[in-house]
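Report on one structure; see the data block that follows.
Numbering (our numbering), first residue to last: 5 to 644.
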């Protein structure tokens, strides 16, 4: 399940600290850029495989240092003075119909000229927002009707934070009247009682399979044991009727008749992947309601898993669970990445790699869900306030782990000086500490890794030519406990349980995490051996702390990386305001540019034709819960 506004409060202390506008080039490509591959970015993850890989080679390790701003666009979607809403501009544009399409946090859908950045049209979907969640939209999707021409034969599908699915004419932005009622479907239909519209919405781009629009949902965490179910629906792209629906309730529960769906079942908030040839769609699932407290006996059957469905019927083919009896909000946070695993014996296996919040990467045969690298069931603590926890948890032996400590010690605590280190060690010794998967206690206990990872929605990028997996990750300790409902308001109400969840501070007196850095990493992994080829700290404290505290220690990050055939990895994501390019083979930083606001997003890159420039485009708007500089910028870079 996605993170809520308050889930960031401990992280915001990491470090002490107008109308649409347009600027850019004239859009005339230089003849010096002629030749080479031409590749676009038609869907959120570049393809349904989710590899975030571009075949473009115009921008190379040798010339990336010469990148300049080509154009800048502003959405106009900013927090008003005094507004309490938590905005995060995390959108990745797509390229379709010779146009860039993207969404702002409040679901303003924009169509831009990809060469100049000029706005072609903008449609404000005006979702009903009343707090209670992070306001975010990560992308939109494109569909072309092979049986029609004219108005609405090309459509942009946009799902909103308040649970509506819109079909817009790709040329004009006008609603497609034949889709649902007036161009929209209310995804709240048949879900039962929803306390506030924003408690059930959508943050990820819909998935297009043939003539179907497939969407999951974003349901607020830690709120109530009785919540709408996380149904995944395949909608007809022409008229919006439900083709099939899948609810991740256990097999013993009737799946619903289309008029009602089981409540409180796990949801799917992250993007999905598709193996078109095998007719499989892969769903990264959340936890059943409610996090922190165990729910009904078998309702985690599909929870914190990847579930493979038949795309024609929506019926499950296989599933693999990454966390048993998940009370830690370690739900599956990212798009599964599909690739061909090249084994040491030379054989190729159709594979799936899944990033997890625990810092583990699972590699599975995507035809049947069998692990390709060995997975062991590690004994874990079942102490704490709750009965029925799993005595073991699955741990892959390979790829090598991003979070490398299974049980922190006081020697793992950090300080800029002796005093703050001593204070962190003193507070750490008071925590209940059973290692990774420490259960909830009435007393404060270790929360490591915290539920923003490890890895989060930024997921994985893959360079198939170099067989290199790129992953950005976090490495931060937290602490929490369960308290009786009576008393001051806690972080999470956990309505329907005897408890509320409270987060306890594990930041140093200088505002840094108490555990030793790096607090953020970028890693390259050889996917035949599963071994790390390189690992570097990702990010600095610049823009968040005053000089001279600009340390290259690696900082928490939200966002993702992309790779190119020329051997580049592009990523922003960090709490500093830098956009970076690394050499994929070595991890060497080759280029860095300061953004107008932090880039808590995933970039994209495209080239329109063989005589044109390659552009790299990024949303730069920060994340208000991180308390970094906010913005509404979309910035494109290209060679002169």
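We put the beta carbon where it would ideally sit given N, CA and C, even for glycine.
Which of the three DSSP states, helix, strand or coil, is assigned to residue i?
i: residue 35; result: Low confidence applies here, because residue 35 scores a pLDDT of 38, under 50, leaving its location unreliable; read the following figure in that light. It is helical.
i: residue 629; result: helix
i: residue 579; result: coil
i: residue 27; result: With a pLDDT of 31 at residue 27, under the threshold of 50, the predicted position of this residue should be treated as unreliable, though the coordinate-derived value follows. Looking at residue 27 - three-state DSSP - the assignment turns out to be strand.
i: residue 446; result: coil
i: residue 202; result: helix
i: residue 108; result: coil
i: residue 88; result: coil
i: residue 297; result: coil
i: residue 68; result: helix
i: residue 639; result: strand
i: residue 416; result: helix
i: residue 77; result: strand
i: residue 326; result: coil
i: residue 226; result: coil
i: residue 137; result: coil
i: residue 573; result: strand
i: residue 315; result: coil
i: residue 619; result: strand
i: residue 451; result: strand
i: residue 644; result: coil
i: residue 561; result: strand
i: residue 436; result: strand
Report back the beta-carbon spacing between residue i and residue j to the nearest angstrom; my notes put them in contact at under 8 Å.
i: residue 480; j: residue 523; result: 5 Å
i: residue 284; j: residue 370; result: 7 Å
i: residue 290; j: residue 335; result: 4 Å
i: residue 57; j: residue 466; result: 6 Å
i: residue 373; j: residue 324; result: 4 Å
i: residue 500; j: residue 230; result: 6 Å
i: residue 620; j: residue 97; result: With a Cβ gap of about 11 Å, residue 620 and residue 97 do not count as contacting.
i: residue 171; j: residue 158; result: No, residue 171 and residue 158 are not in contact; Cβ-Cβ is about 11 Å, not under 8 Å.
i: residue 441; j: residue 384; result: 4 Å
Do residue j and residue i count as a contact pair if the criterion is CB distance below 9 Å?
i: residue 565; j: residue 459; result: no
i: residue 49; j: residue 309; result: no
i: residue 258; j: residue 266; result: yes
i: residue 314; j: residue 260; result: no
i: residue 573; j: residue 423; result: no
i: residue 139; j: residue 95; result: no
i: residue 544; j: residue 563; result: no
i: residue 60; j: residue 39; result: no
i: residue 165; j: residue 131; result: yes
i: residue 438; j: residue 394; result: no
i: residue 142; j: residue 182; result: no
i: residue 303; j: residue 268; result: yes
i: residue 605; j: residue 622; result: yes
i: residue 404; j: residue 592; result: no
i: residue 487; j: residue 520; result: no
i: residue 398; j: residue 365; result: no
i: residue 588; j: residue 511; result: no
i: residue 222; j: residue 244; result: no
i: residue 329; j: residue 419; result: no
i: residue 100; j: residue 106; result: no
i: residue 476; j: residue 557; result: no
i: residue 73; j: residue 640; result: yes
i: residue 452; j: residue 506; result: no
Just reading off the beta strand (DSSP E) that residue i is part of, what are its end residues?
i: residue 124; result: 123–128
i: residue 397; result: 396–400
i: residue 508; result: 503–508
i: residue 170; result: 168–173
i: residue 478; result: 472–478
i: residue 357; result: 352–359
i: residue 216; result: 216–219
i: residue 608; result: 608–611
i: residue 595; result: 593–598
i: residue 406; result: Premise fails: residue 406 is in no beta strand (DSSP E) and is neither H nor E.
i: residue 511; result: First-last for residue 511: undefined, no H or E at that position.
i: residue 161; result: 158–163
i: residue 147; result: 145–148
i: residue 488; result: 482–488
i: residue 348; result: Taken as a continuous stretch (DSSP letters only), residue 348 belongs to no beta strand (DSSP E), as it is neither H nor E.
i: residue 381; result: 379–383
Just reading off the alpha helix (DSSP H) that residue i is part of, what are its end residues?
i: residue 424; result: 422–433
Do residue i and the ligand FMN come close, with the Cβ less than 8 Å from some heavy atom?
i: residue 309; result: This structure lacks the ligand FMN; in fact it carries no ligand of any kind.
Could you tell me whether the Cβ of residue i comes closer than 9 Å to any Cβ of chain C?
i: residue 288; result: Judged by its chain identifiers, the structure shown contains no chain C, having just a single protein chain.
Identify every run of the beta strand (DSSP E) within the segment 228–294, keeping only runs that are complete inside it and at least 3 residues long; order them along the chain.
-> As far as the segment 228–294 is concerned, its whole beta strand (DSSP E) runs of at least 3 residues are 236–240, 246–250, 277–279 and 284–288.
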